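Below: one structure, written as structure tokens.
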Amino acid sequence: TGGHDPQPDYYSVCGGTTGHAEVVAVTFDEAVIPAEVILDMFFALHDPTTLNRQGYDVGTQYRSSMFYETTEEKILFEEAIDRNQALWSHPIVTEVSRLPRFHVAEDFHQDYYAKYPEQGYCQVIINPKLAKARKYYSAWLNA
């Protein structure tokens, strides 16, 4: 999402030439968990200070980004950056952009962790993030 290729697929996005970022769409109930908490989780569970990189993954497709549809969402995202900046020793470089179109990944990638919990990526990357989320956000996750 966020690139120039009108029909990106996993392999073209991984190649880093489409301009797209690997992103997820978040659907939630504000009565159960406030958007501010979800945004704080976003900043706590990945490094928003590294440009075009997340862990071992390098390239513009791995940039920290948030896409908004409304002015209210844009303001909410910018406020979240300001609120979370104090937690980081380097500037947050998360890109905040209007959502041109959300591109859904191939079926293979949907519910990836649920389907492939024993895969190396899940064990090395996702499990530590889940442990951190459970430690600091359990009240929200168990709602």
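Here the sequence shown stands for residues 626 to 768, where the numbers follow the numbering used here.
Backbone N, C-alpha and C define an ideal beta-carbon position, used for all residues, glycine too.
Quantities reported herein were computed from a predicted structural model and do not represent experimental measurements.
**Asked** By Cβ distance below 7 Å, which residues in the same chain neighbour asparagine 677 in space, the five residues on each side in sequence not counted?
**Response** Exclusion of the five residues before and after asparagine 677 leaves Val683, Gly684, Thr685, Tyr687, Arg688 as the residues of its chain whose Cβ lies within less than 7 Å of its Cβ.
**Asked** What do you get for proline 631, buried or exposed, if any count of 16 or more other CB atoms within 10 angstroms of its CB means buried?
**Response** Classification for proline 631: exposed.
**Request:** Name the one or two DSSP bridge partners that tyrosine 693 has.
**Result:** Arg723
**Request:** Assign valine 638 to one of two classes, buried (16 or more other C-beta atoms within 10 Å of its C-beta) or exposed (fewer than that).
**Result:** Around the beta carbon of valine 638, 16 or more other beta carbons lie within 10 angstroms, which makes this residue buried.
**Prompt:** Per DSSP, tyrosine 678 forms a beta bridge with which residues?
**Reply:** For the record, residue 678 in the displayed sequence is arginine; it is not tyrosine. According to DSSP, which records beta bridges pairwise, arginine 678 is partnered with Val683.
**Request:** Compute the beta-carbon to beta-carbon distance between serine 585 and serine 714, rounded to the nearest angstrom, for a pair I have assumed lies under 8 Å.
**Result:** A query on residue 585 cannot be resolved here, the shown segment of the chain reaching from 626 to 768 and no further.
**Message:** For phenylalanine 668, count the other beta carbons within 10 Å of its own beta carbon; 16 or more makes it buried, fewer makes it exposed. Which is it?
**Reply:** Residue environment: phenylalanine 668 is assigned as buried (16 or more neighbouring CB atoms within 10 Å of its CB, all protein chains considered).
**CA-to-CA distance, serine 763 to alanine 739, given in whole angstroms** = Near 19 Å, if we compare the C-alpha coordinates of serine 763 and alanine 739.
**Beta-carbon spacing of threonine 650, phenylalanine 733 below 8 Å** = According to the sequence displayed, residue 650 carries alanine and not threonine. No, these two residues do not count as a Cβ contact at 8 Å.
**Prompt:** In the region 628-658, which residue ranges form an unbroken alpha helix (DSSP H) of at least 4 residues, counting only runs that do not cross its ends?
**Reply:** Taking only runs of at least 4 residues, the alpha helix (DSSP H) segments lying wholly in the region 628-658 are 635-639.
**Message:** Please classify glycine 628 as buried or exposed, where buried requires at least 16 neighbouring CB atoms within 10 angstroms.
**Reply:** Buried.
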